[in-house]
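As structure tokens, the structure follows; a few thoughts come after it.
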Amino acid sequence: AASISGRLISVLMTSFTSFLALATSTAAVVTPLRSVSPLRPAPCAALRSSHPRMKDWSRRATLAEKAGGAGDLGASAVGLTGSIPVEFTQGNETLRTMATVGQPLSAVAAQAGQFIKYKCRKGECGTCAVRVDGQWIRTCSVTVPHLPDGEAYQVFVRPTMVKGKKSSRFFSVRSFFDGFKNNILGMVGFVKEGPLSRKGRENFNQRISAEQELLERAKARKAAREAAKAAGLSLEDYEERLRAELARGEAEATTKAARK
């Protein structure tokens, strides 16, 4: 246990030293590039901080919210053509647009800014299914039907149908620390359950024993096949004769024991 702990501490120190060296070299390379970039001026020294600036993830106002949308100015005023109102409802949010009869629902969803997840785009897999009038339909293979005047075509989208989050930048402070954390966890797992640990040695010995047993069975099978060939019998007949002889020997041994 002491040797394993010492080995773990040594590996951790080596990994931490390598991480510091990599972070230092990366900062030394990136800083000059930033200073000479003609596209972005160097930041003011007074604004520099030891903490990285976090991105603002707050929701920004859309153009319709700033200048007024179809509900305020009318559909024609914002460039929407069509005679059928279409509403996409997902959770507590509703997006509205206009469509014409026979227009693909997928195009209407894209026009309204409603995210729909597709896969086959043939109406077979059901990935893009939405609910209309209590029935589930395939967005990729449905068109907008004719509706009476004043009636809207209401589409309900599953709350789970959302865009996947994009991965963060590769060269970032968080990526360095995440990589260092994963390396530490991997080394701890290697020490605890790797080939040098007690559990690893037990697994290795079990595998070697199983392979040795399999090898012995293969040798016995080969010897039985050669013996059957020498006796002029098939392998099945030869094994049957061996089982009969073994049973006869056990019966004789039992009889002798009973007589004594």
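For the sequence shown, our numbering assigns the number 292 to the last residue and increments by one with no breaks. By construction, the Cβ of each residue, glycine as well, lies at the ideal position given by its N, Cα and C atoms. Treat the numbers as computed from the prediction; the structure is a model and nothing was measured.
Any idea if residue i is buried or exposed, counting beta-carbon neighbours within 10 angstroms, 16 or more meaning buried?
{"i": "Q244", "result": "exposed"}
{"i": "L137", "result": "buried"}
{"i": "Q122", "result": "buried"}
{"i": "R170", "result": "buried"}
{"i": "V176", "result": "buried"}
{"i": "I148", "result": "buried"}
{"i": "A131", "result": "buried"}
Grouping DSSP H, G and I as helix and E and B as strand, with all else coil, what is residue i?
{"i": "M130", "result": "strand"}
{"i": "Q122", "result": "strand"}
{"i": "T159", "result": "coil"}
{"i": "F147", "result": "coil"}
{"i": "T3", "result": "One cannot answer for residue 3 here, as it falls past the ends of the chain, which runs 33 to 292."}
{"i": "V140", "result": "helix"}
{"i": "R291", "result": "helix"}
{"i": "R170", "result": "strand"}
{"i": "V194", "result": "coil"}
Rounded to a whole number of angstroms, what is the C-alpha to C-alpha distance between residue i and residue j?
{"i": "N237", "j": "A290", "result": "43 Å"}
{"i": "S42", "j": "E258", "result": "56 Å"}
{"i": "E125", "j": "F188", "result": "10 Å"}
{"i": "D181", "j": "S115", "result": "8 Å"}
{"i": "A252", "j": "L267", "result": "12 Å"}
{"i": "L44", "j": "A53", "result": "14 Å"}
{"i": "V118", "j": "R85", "result": "41 Å"}
{"i": "T49", "j": "F212", "result": "11 Å"}
{"i": "P227", "j": "G221", "result": "11 Å"}
{"i": "A141", "j": "F120", "result": "8 Å"}
{"i": "N214", "j": "E156", "result": "40 Å"}
{"i": "V223", "j": "D88", "result": "41 Å"}
Provide the residue span of the alpha helix (DSSP H) that contains residue i, from first to last.
{"i": "Q244", "result": "R230 to A263"}
In the DSSP assignment, the beta strand (DSSP E) including residue i goes from what residue to what residue?
{"i": "V187", "result": "Y185 to F188"}
Whole runs of the alpha helix (DSSP H) within the region 201 to 230, excluding any shorter than 4 residues
205 to 225
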